[in-house]
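So the protein lines, in turn, are chains A and B. For what it's worth, this note's numbering labels the leading residue of the first sequence as 504, then goes sequentially. For what it's worth, this note's numbering labels the leading residue of the second sequence as 192, then goes sequentially. Think of the CB as a built atom: it goes at the ideal place given N, C-alpha and C, for glycine as much as any other residue. The block underneath contains the structure these notes are about, expressed in structure tokens.
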Amino acid sequence: MEEKFSMKRRSFLKLAGAAGVATAMTAFPFRNMRAAWAFGDHPQEQLPYRITKRVPQVCARACEADCAYNVVVGVDPATGLERALTLEGRPEDPVSNGKFCIKGMGFVDSMYDPDRLMVSLKRTNKTKGTDVDPGWIIMKTEDAVNEIIARMKTYKPEEILMASPGDPYTNRLCQSIGCTRSDQRTECFGTHYYINCLTLTNPPNKFYSSCYTPSHHVCGYDYDTCKYQVWFGFDSFSKCGKAGMLNHWAAGKRNGGKIVMFNPVRTPMTDNFASEYYAIKPGTDLAVALAMINQIMAGKKYNKEFMTKYSDGAALVDVEKQTHLKTADGMFLAWSVKNKKAEPIDECDDPALDGSYTVTLDGRQIKAKTVLQLLAEATKTYTPQWAAKISDVPAKAISKIARDFAAAAPYALIPTYKRDAAGPNYANSWRLRHAIQILNSLAGSIDHEGGMLLLHDVKIPWIDEISPPALPYPEQPSQPVDFRNEFPVTDDIYRKKDFSAPGHYGMVGWGLYKTNRAKVAFFRNPHRGLFAMIHSQMFEAASQKLELVVDWNLYLDDLGYFCDYVVPAPHQFEEGKMDLRLYYPKYPCIVGGSPVQKSPGDQIGWGGFAMKIGLAMAPKYWTTDGSGNPAKKIPTNMGDVAVKKAGIADSAADFMKKGGFWIDKKAYQNYKQIEQIGYGKPRGRVKMYINEFAEVGHSPLPVWHARWHETTGDYKFSLLITRAPWHMHADPNFINNPVLKEVTVRNYMDTVWINPEAAAKLGLKEGDAVILANDPTYMKDLPRPQKAKVHLTKRITRNDCVLLFHGIGHRAKNLKVAANFGYRDGDLIPQKDPAMLKKFDPTGMGWVEDVFVSIKKM
Amino acid sequence: MKRYAILLDDTFCTGCNSCAYRCIQEFRYHDQASKGLFRTFVQINDDGLYQKRCMHCLEPDCVENCPVKALTKSEYGPVLYDAKKCIGCQTCVRVCKFHVPQFDADTKKIVKCSMCAHRINDDKKPACVEICPTGALQFGEYEAMKKLATKTAKEKKLKLYGYEENGGTHLFVLAKEDPVKFGYPKVAKKALKGKAALDGELGVPALAALAVVGFKKYSERRTRLETRTEKEKK
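Laid out in structure tokens, this is it:
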């Protein structure tokens, strides 16, 4: 009996065990309670909104990546009305690769910002100021425009300042009137633009009407395949948000590329993308760059092929006159080692890269050296040990970085534009920018895959090209209010080569305040306005004496409270677009955008506004025959011409019907572009030796110079400035967004950041209220100390600096979210006396961070 | 239906918060976000980036404790929330070890990620994953994401969070340092429970092997006992 039972039990147990295993192998859960329902039944499985259309667009005015995306339009579940809801990527776009950023999304919601300006405003109270009631009356925009034009006509051209970036319409307008154009992009792109003009390409060139394309650069960078990068302050917080670049940096990281970062701030970019990081002393990046040149030259580790064929490295320079030696028809001369004489560089038999020579030219015996020889001599004393003492970067590290950089060439790159250390942050930034251009040349990474990519084989012409002026433009003012005439190097480019050249916001406030050169200021600065100006209190004071101040803007913001008229501008999504892919120009590519909606108020587009002013004030330049007859307005259909010439569509409308996208994915031809647009002939080259600097008493090759001044007493904290990843300048499109305000506050980006050790020495604790002030020696007029709260953070990796976030600090009461939110960094940066400025900087740029402040508990 | 998970590689995150804003636009919850109530949010802390979002636990405490079953665990991964059923008792707020549900005092409802359940059926990734400019966020089948997480953690010597915390989740976080150091809540690890424990290449065969060995041992013991009994009888 027992035996029978145990057999049965054994069998039973085996059966149970097998059943258990079988059960375990099925999907049936043991203990988890999972609701089982048909998919789509649960409310969170249903679409939150219904899409009605997708409108292709190209981002503008958020940054210069100009990502292409679709604006998703649908039915808002809250209201039942159709509106733009969000964005969707366009994966075919080589810049964004289907990505977009928080700022782009912010633009979608800003179309419906209740504080958007819908009408034109005219002041009736003559007293200007943020806390003064302007006594606005509302006008029809057409009437406001006519009044503004009537008043502008009563002034001489030299009395009018157009504060605006260069664009096809503004360029035409200012040249046709003969008035000064000055813009705040000086402070972002100034040094980059001018050094590119002086070394890379003589503006204008065959690929674009202006070196100063709307994006302000001549190139993009091939982060994806670059093997070794050096970033001098390139990793600001704003870069943490740039989708059009982030996707390429991520690709580069996945491809094993290395990045060395120098920055006194440790951003999340630093944390996750830096192979090496050094907390460099602010304003000393130039020392490190010069030491890198020193090391590369000492070991002759430069890219020989590039130096010989694509640069002026072998070109002979008259040592006394500090100019390149050239043939009668303008070709650089080089020394033939084989033939022992000077020959045109492109035909030179075995050109010498170094050495001193005596050249007979036009009957004169000239002592000449090669550019590379001069570069070696100029940087001879800039050893890594020397640089280490200045910058706090270890000498060993500098040597290794120089070696590694040279070894990775031509897949070695130092990217730079906008507000990194080589942007116009310091009085020595223009030298750093020049040194960086030279380092990229030594690596041979200019116009090469894995390095700097040049725009090529595609063009969107500007108005002057499709409608050349019927007669020569009048002269520009000889005494412009921005004092650019004191800076012939950059003034020459502006007057003779590229009217879009940035200038000179670092002095225009000074000029408006100290002189009576201008009586009219017209701001075509949507979203930038007052905040674009450093030392804005100088403009505020000047505005009282200015007889006419106009702002064309999306919002009534702080600037508006100092204006006589404010005219509403359309939102960028309410305009058609056509754009090149400048941030990643590996392939010729054009993308287009269509308006998402009609502007809801009485807005006027800039093209229409400029045309009206032009026809009224300079009719000969705005009509096809110079007659001034409005029926013969000049054509301005740049988009139509661009696509037709490219052979991709009959018109811009046709291009959009076909999807608004064209790309020619042919292989990038290394060094082909520089041959076509560079300096020298018959083949163009990169020009490392800038003789234009020598003409104004500065060194034609970069040499060391310290910052504007040293610390003085309590004014010992170097001012560092960045932007939150979700803000663009002081643009209310973002800063008046309640969600973005919350994101800013939660990430402490409305506070002043300081290292905890430095804070402890000052007796500061987290959240303390402080006041930042300038040394009156350097902020002589209208100082305006700033009140803020501090945030103690190890992300500030040095004890001698503080970090401020740009763009907050609006005071305009009508901006319900932005008003009284934060401090104003620009108020701490002085406008510069031109007489002082030109001793330091022949480009005349703004030096936006060359300031030391005191910080005290309130 | 397949099960899904999100993998967050913190070493590619830059704190841009594009994920946060895309989520807001997808679910139209601007009002709540402007009050600081986010379904997902990246906090830039000194030692790293804390991306606060629902972990979609394998055995969610919120689901277990919700008195009205407003929170439910789907078959495919996300913990879903039915606002109509919610009575605003905030039990989920109290019991969630990751401090995820955020209570909106004005509407008396919570704010919480749904892993974009509405997009999954259309073969679309969650909106945050789709927009992430660096690819820090990835989305895929649960097993594949789990495997990728463990493989990447091993290869790149990264720390893995969300794998065993609270018995396992559908969100795996990879970071250079322990994410608790820069803001992620410290949550006790427990062996993966239920189906998750059985899932995977080794899970079922291992259990089967265990069962076979177990029964074999038991059978051998029975045989020994029977043999002894026989001997005693003799």
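**OP:** May I ask which residues mark the beginning and end of the alpha helix (DSSP H) holding Thr343 of chain B?
**Re:** 333 to 346
**OP:** Note the first and the last residue of the continuous alpha helix (DSSP H) segment covering Ile1116 of chain A.
**Re:** 1109 to 1120
Original post:
In terms of alpha-carbon separation, which member of A:Gly1325, A:Ala1261, A:Pro1103 lies closest to Met621 of chain A?
Top reply: Ranking A:Gly1325, A:Ala1261, A:Pro1103 by Cα distance to Met621 of chain A puts A:Pro1103 first.
Subject >> Identity of the residues DSSP links to Lys300 of chain B by a beta bridge >> reply: Lys300 of chain B is bridged by DSSP to B:Asp295.
Original post:
How about Ala790 of chain A and Pro767 of chain A: do their beta carbons lie closer than 7 Å?
Top reply: no
Subject >> First through last residue of the alpha helix (DSSP H) which encompasses Glu321 of chain B >> reply: Following the DSSP letters along the chain, one finds Glu321 of chain B inside the alpha helix (DSSP H) bounded by residues 318 to 322.
Subject >> C-beta atoms of Phe1065 of chain A and Gly1329 of chain A nearer than 7 Å >> reply: For Phe1065 of chain A and Gly1329 of chain A, no; Cβs fall outside 7 Å.
**OP:** Under the assumption that Ile197 of chain B contacts Val320 of chain B (Cβ atoms under 8 Å), give the Cβ distance between them as a whole number of angstroms.
**Re:** 7 Å
Original post:
Going along the chain, which residues of its own chain have a beta-carbon closer than 6 Å to the beta-carbon of Asn357 of chain B, five neighbours each way excluded?
Top reply: Leaving aside the five residues that flank Asn357 of chain B on each side, the residues in its chain whose CB is nearer than 6 Å to its CB run, in chain order, Cys248, Lys288, Val378.
Original post:
Residues in the segment 202 to 217 of chain B with C-beta within 8 Å of chain A's C-beta atoms, listed in sequence order?
Top reply: Only Thr202, Phe203, Cys204, Thr205, Gly206, Cys207, Asn208, Ser209, Ala211, Tyr212, Arg213, Ile215, Gln216, Glu217 from the segment 202 to 217 of chain B bring a Cβ to less than 8 Å from some Cβ of chain A.
**OP:** Ignoring anything shorter than 4 residues or poking outside the segment 701 to 780 of chain A, list the alpha helix (DSSP H) runs there in chain order.
**Re:** Runs of the alpha helix (DSSP H) inside the segment 701 to 780 of chain A: 746 to 757, 771 to 776.
**OP:** Round the Cβ separation of Leu624 of chain A and Leu1059 of chain A to the nearest angstrom and send it over; I've been treating them as touching at under 8 Å.
**Re:** 7 Å
Subject >> Sequence-distant residues of its chain with Cβ nearer than 7 Å to Lys1115 of chain A (five each side left out) >> reply: Val648, Ile652
Subject >> Span of the beta strand (DSSP E), counted from its first residue to its last, around Ala837 of chain A >> reply: 836 to 839
**OP:** At 8 Å on the CB atoms, spell out the chain A contacts of Gln293 of chain B, in chain order.
**Re:** Within 8 Å Cβ-Cβ: nothing; Gln293 of chain B doesn't reach chain A, min ~13 Å.
Subject >> Host alpha helix (DSSP H) of Arg934 of chain A (start-end) >> reply: Per DSSP, Arg934 of chain A belongs to the alpha helix (DSSP H) from 932 to 946.
**OP:** Compare the C-alpha of Met1203 of chain A against each of A:Pro594, A:Ala581, A:Asp821 and name the closest.
**Re:** The amino acid occupying residue 1203 of chain A in the given sequence is Pro; Met does not appear at that position. Considering only A:Pro594, A:Ala581, A:Asp821, the residue with the shortest C-alpha distance to Pro1203 of chain A is A:Asp821.
Original post:
Ordered along the chain, which non-local residues of its own chain (more than five positions away) have a Cβ less than 7 Å from that of Ala938 of chain A?
Top reply: Leu789, Ala792, Leu793, Ile796, Pro1205
**OP:** Excluding the 5 residues preceding and the 5 following Gln1176 of chain A in the sequence, name in chain order all residues of the same chain whose CB lies nearer than 7 Å to its CB.
**Re:** Asp950, Leu957, His959
Original post:
Under 7 Å between C-beta atoms, does Phe1343 of chain A make it to chain B?
Top reply: no
**OP:** Mind checking the segment 655 to 677 of chain A against chain B and listing, in chain order, the residues whose C-beta falls within less than 7 Å of any C-beta there?
**Re:** For the segment 655 to 677 of chain A, which is checked against every Cβ of chain B, not one residue is closer than 7 Å.
**OP:** Could you work out which residue in A:Gln1040, A:Leu1275, A:Asn750 is closest to Lys1219 of chain A when comparing CA atoms only?
**Re:** A:Leu1275
Original post:
For Ile663 of chain A, which residues does DSSP report across the bridge?
Top reply: Partner(s): A:Val1023.
**OP:** Would you mind stating whether Ala879 of chain A and Ala912 of chain A have Cβ atoms separated by less than 7 Å?
**Re:** By the CB criterion at 7 Å, Ala879 of chain A and Ala912 of chain A fall outside the cutoff.
Subject >> Every unbroken alpha helix (DSSP H) within the segment 553 to 594 of chain A, with a cutoff of 4 residues, ordered by chain >> reply: none
Subject >> C-alpha distance - Ala1233 of chain A paired with Ile1311 of chain A, whole-angstrom precision >> reply: 6 Å
Original post:
Taking DSSP as the reference, what is the three-state secondary structure of Asn1277 of chain A?
Top reply: strand
**OP:** Find out if the Cβ-Cβ distance for the pair Ser948 of chain A, Ala915 of chain A is shorter than 7 Å.
**Re:** yes
Original post:
At least one CB of chain A closer than 7 Å to the CB of Ile235 of chain B: is that the case?
Top reply: yes
Original post:
Is there at least one Cβ from chain B nearer than 7 Å to Thr529 of chain A's Cβ?
Top reply: Low local confidence applies: a pLDDT of 42 at Thr529 of chain A is under 50, so the model's placement there is unreliable, and no value is given.
**OP:** Round the Cβ separation of Ser894 of chain A and Pro1138 of chain A to the nearest angstrom and send it over; I've been treating them as touching at under 8 Å.
**Re:** Their Cβ separation, rounded to whole angstroms, is 54 Å, which puts Ser894 of chain A and Pro1138 of chain A out of contact at 8 Å.
**OP:** Could you spell out the range, first to last residue, of the beta strand (DSSP E) harbouring Arg684 of chain A?
**Re:** Per DSSP, Arg684 of chain A belongs to the beta strand (DSSP E) from 683 to 685.
Subject >> Euclidean distance between Cα positions of Gly1014 of chain A and Lys1264 of chain A >> reply: Roughly 40 Å between the two C-alpha positions.
**OP:** Have a look at the DSSP bridge pairing and note the partners of Met955 of chain A.
**Re:** A:Tyr724, A:Ile949
Original post:
Looking only at DSSP bridge pairs, what is Ile1358 of chain A linked to?
Top reply: A:Leu1275
Original post:
Just to confirm, are Met1191 of chain A and Val721 of chain A a CB contact at a threshold of 7 Å?
Top reply: For Met1191 of chain A and Val721 of chain A, no; Cβs fall outside 7 Å.
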